[in-house]
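J.: Residue numbers for the sequence shown follow our numbering, beginning at 45 and rising by one.
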Amino acid sequence: MRELAARLDQARRESREIDQLTAQAELTEADGYAIQDALLALETAAGAQQIGWKLGLTSVAKQEQVGVHTPIHGFLLDRMMRPPFEPISLEALIHPRGEPEFAFLLGDDLEGSVSPADVLAATETILPAVEILDSRYRDFRFTLPDVLADNTSAALVVLGTEGLSPAALDLPTEQVVFSVNGEVHATVTGAAVLGNPAAAVAWLASRRPLRAGEIVLSGGLTDAVPLAPGTELTVTYAHLGTLRVQVER
Ligand code: OOG
Ligand code: MG
45 MRELAARLDQ ARRESREIDQ LTAQAELTEA DGYAIQDALL ALETAAGAQQ IGWKLGLTSV
105 AKQEQVGVHT PIHGFLLDRM MRPPFEPISL EALIHPRGEP EFAFLLGDDL EGSVSPADVL
165 AATETILPAV EILDSRYRDF RFTLPDVLAD NTSAALVVLG TEGLSPAALD LPTEQVVFSV
225 NGEVHATVTG AAVLGNPAAA VAWLASRRPL RAGEIVLSGG LTDAVPLAPG TELTVTYAHL
285 GTLRVQVER
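1) Can you tell which of Ala236, Leu254 and Gln93 has its C-alpha closest to the C-alpha of Leu150?
2) Which stretch, first to last residue, makes up the alpha helix (DSSP H) that contains Glu87?
3) Mind checking which residues open and close the alpha helix (DSSP H) that includes Gln107?
4) Is it the case that the Cβ atoms of Arg126 and Ala92 are separated by a distance below 7 Å?
5) Should Ala256 and Val158 be called a contact, given that it needs their Cβ atoms to be closer than 7 Å?
6) Comparing the CB of Leu171 with every heavy atom of the ligand OOG, is any distance shorter than 6 Å?
7) Would you list the residues whose beta-carbon is nearer than 7 Å to any heavy atom of the ligand MG, in the order they occur in the chain?
8) Would you grab the beta carbon distance between Ile79 and Tyr181 for me? Rounded to a whole angstrom, and I think it's under 8 Å.
9) Which residues does DSSP pair with Glu227 in a beta bridge?
10) For Thr187 and Val174, what's the separation of their Cα atoms in angstroms?
11) To which residues does DSSP link Ala290 through a beta bridge?
12) Would you kindly check if the distance between the Cβ of Gly263 and the Cβ of Ala243 is under 7 Å?
13) Quick check: the Cα distance between Met45 and Gln64, rounded to an integer number of angstroms?
14) Can you check DSSP and say which residues form a bridge with Arg141?
15) From what residue to what residue does the alpha helix (DSSP H) around Val201 run?
16) What would DSSP say about Pro131, mapped onto helix, strand or coil?
17) Any heavy atom of the ligand OOG closer than 6 Å to the Cβ of Val110?
18) Report the CB separation of Ile259 from Leu120 in whole angstroms; it is logged as a contact under 8 Å.
19) Since Val237 and Arg141 should fall inside the 8 Å C-beta cutoff, what is the C-beta to C-beta distance between them, to a whole number of angstroms?
20) For the ligand OOG, is there any heavy atom lying closer than 6 Å to the beta carbon of Ser179?
21) Is the closest heavy atom of the ligand OOG to the C-beta of Val221 under 6 Å?
22) Measure the C-alpha to C-alpha separation of Asp53 and Leu83 and round it to an integer number of angstroms.
23) Apply the 10 Å Cβ neighbour rule to Glu87 and answer buried if 16 or more other Cβ atoms are within range, or exposed otherwise.
24) Is it true that the CB of Lys98 sits closer than 7 Å to the CB of Val261?
25) Since Pro216 contacts Ala235 with CB under 8 Å, what's their CB separation in whole angstroms?
26) In the DSSP output, what is Trp97 paired with across the bridge?
Structural data, given as structure tokens:
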């Protein structure tokens, strides 16, 4: 698993797309997570720090876009975070895409069998977020074990600076308008994510212990859009405010 993780790590560092791992080896879902764990070990040995988690493929729009029909999870590192007020450089990325999400900042630990209400009770703040994905695989195509191994295509995360306490928000009905270069790409509500984004976080807690202070991304609410120099993404949440991401020219 270490050797396969190293192959993905090298592809990322060299911004070079590679063949799917499953083109050469038969891998299960469990193998995919084991390679992801090995990748996290490589990253932390090289000095990165895990600051949270991400969910993926929690909406139908996302599942259909990539042809994988099950929720997945990966890890977030300190080096992935970008502030919202600076243009984002795509220089080190292969074929980046952007998507709107909700971010949960946890105030308490969450572990085992928990309800969406437990998730909200343990959440300090819900923040607007844009995730920038980058698959290390050729043409952004992969199977389930491949995308798990590749840390669910994680690349960069732009977090809003101001959020709301979960008590001030109804996530399933929160409307989100996602615009690309000034044109509306999609209008959805939080229910697009497993009926309730808090249910997605509950699912993750049943699989991995979550700790106070960690950030958890809900998974994209809409399909992800390709990014190019100059692309501007605007995510307008009914109550959470507007998050604008400008890609460097
Ligand atoms: C897989 C990662 C999915 C999400 O929010 O659904 C993801 C991909 O689309 O490459 O981050
Ligand atoms: Mg995502």
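Here a beta-carbon is modelled for each residue, glycine too, at the ideal position from N, C-alpha and C.
T.: Taking the geometry as given:
1) Taking the sequence shown and counting its residues from 1, the one referred to as residue 150 is at position 106. Leu150 has its Cα closest to that of Leu254, out of Ala236, Leu254 and Gln93.
2) Taking the sequence shown and counting its residues from 1, the one referred to as residue 87 is at position 43. Annotation for Glu87: the continuous alpha helix (DSSP H) segment containing it runs Glu73 to Ala89.
3) The sequence position of residue 107 within the sequence shown is 63, counting from 1. Run containing Gln107: Val104 to Val110, per the alpha helix (DSSP H) assignment.
4) Here residue 126 refers to the residue found at position 82 of the sequence shown. Here residue 92 refers to the residue found at position 48 of the sequence shown. The answer is no: Cβ separation not under 7 Å.
5) By 1-based counting over the sequence shown, the position of residue 256 is 212. By 1-based counting over the sequence shown, the position of residue 158 is 114. In this structure, Val158 does not lie closer than 7 Å to Ala256 by Cβ.
6) The count along the sequence shown starts at 1 and reaches residue 171 at position 127. Here the distance from the Cβ of Leu171 to the nearest heavy atom of the ligand OOG is not below 6 Å.
7) Those residues, listed in chain order, are Lys98, Gly100, Glu143, Glu145, Glu175, Leu177, Leu261, Gly263 and Gly264.
8) On the sequence shown, position 35 is the one that residue 79 refers to. On the sequence shown, position 137 is the one that residue 181 refers to. The Cβ separation is near 13 Å, so there is no contact.
9) Within the sequence shown, the letter at position 183 stands for residue 227. In the DSSP output, where bridge partners are listed per residue, Glu227 has Val224.
10) Translated into the one-based positions of the sequence shown, residue 187 becomes position 143. Translated into the one-based positions of the sequence shown, residue 174 becomes position 130. Rounded to whole angstroms, Thr187 to Val174 spans 24 Å at the Cα level.
11) Position 246 of the sequence shown, counting from 1, holds the residue named residue 290. The amino acid occupying residue 290 in the given sequence is Gln; Ala does not appear at that position. Per DSSP, the beta-bridge partners of Gln290 are Glu276.
12) If you number the sequence shown from 1, residue 243 lands on position 199. If you number the sequence shown from 1, residue 263 lands on position 219. Cβ distance not < 7 Å, so Ala243 and Gly263 don't count as in contact.
13) Indexing the sequence shown from 1 puts residue 45 at position 1. Indexing the sequence shown from 1 puts residue 64 at position 20. Inter-residue distance for Met45 and Gln64 is about 14 Å (C-alpha atoms, whole angstroms).
14) For the purposes of this step, residue 141 is taken as the residue at position 97 of the sequence shown. Answer by DSSP bridge pairing, in chain order: Leu177 and Pro270.
15) For this step, residue 201 is matched to residue 157 along the sequence shown. Membership of Val201 in any alpha helix (DSSP H) is not indicated; the residue belongs instead to the beta strand (DSSP E) covering Ala198 to Leu203.
16) What you label residue 131 is simply residue 87 of the sequence shown in a count that begins at 1. In the three-state reduction of the DSSP assignment, Pro131 falls in the coil class, being assigned neither a helical nor a strand state.
17) Stepping through the sequence shown from its first residue, residue 110 is reached at position 66. Flag set: Cβ of Val110 near the ligand OOG.
18) Mapped onto the sequence shown, residue 259 falls at position 215. Mapped onto the sequence shown, residue 120 falls at position 76. The C-beta distance from Ile259 to Leu120 rounds to 6 Å, short enough to meet the 8 Å contact threshold.
19) One-based indexing of the sequence shown puts residue 237 at position 193. One-based indexing of the sequence shown puts residue 141 at position 97. With a Cβ gap of about 17 Å, Val237 and Arg141 do not count as contacting.
20) As a first step, residue 179 must be located in the sequence shown, where it is residue number 135. Result yes, Cβ under 6 Å from the ligand OOG.
21) To locate residue 221, count along the sequence shown from 1; it is residue 177. Result no, Cβ not under 6 Å from the ligand OOG.
22) In the sequence shown, counting from the first residue as 1, residue 53 sits at position 9. In the sequence shown, counting from the first residue as 1, residue 83 sits at position 39. When rounded, the distance between both Cα atoms is 7 Å.
23) Your numbering for residue 87 matches position 43 in the sequence shown. So Glu87 counts as buried.
24) Here residue 261 refers to the residue found at position 217 when the sequence shown is read from its first residue. Here residue 98 refers to the residue found at position 54 when the sequence shown is read from its first residue. Correcting the residue identity first, residue 261 is Leu in this sequence and not Val. In this structure, Leu261 places its C-beta atom within 7 Å of the C-beta atom of Lys98.
25) By one-based count along the sequence shown, residue 216 stands at place 172. By one-based count along the sequence shown, residue 235 stands at place 191. The beta-carbon separation of Pro216 and Ala235, rounded to 4 Å, stays under the 8 Å limit for a contact.
26) The residue labelled residue 97 in the question sits at position 53 within the sequence shown. In the DSSP output, where bridge partners are listed per residue, Trp97 has Phe119 and Val260.
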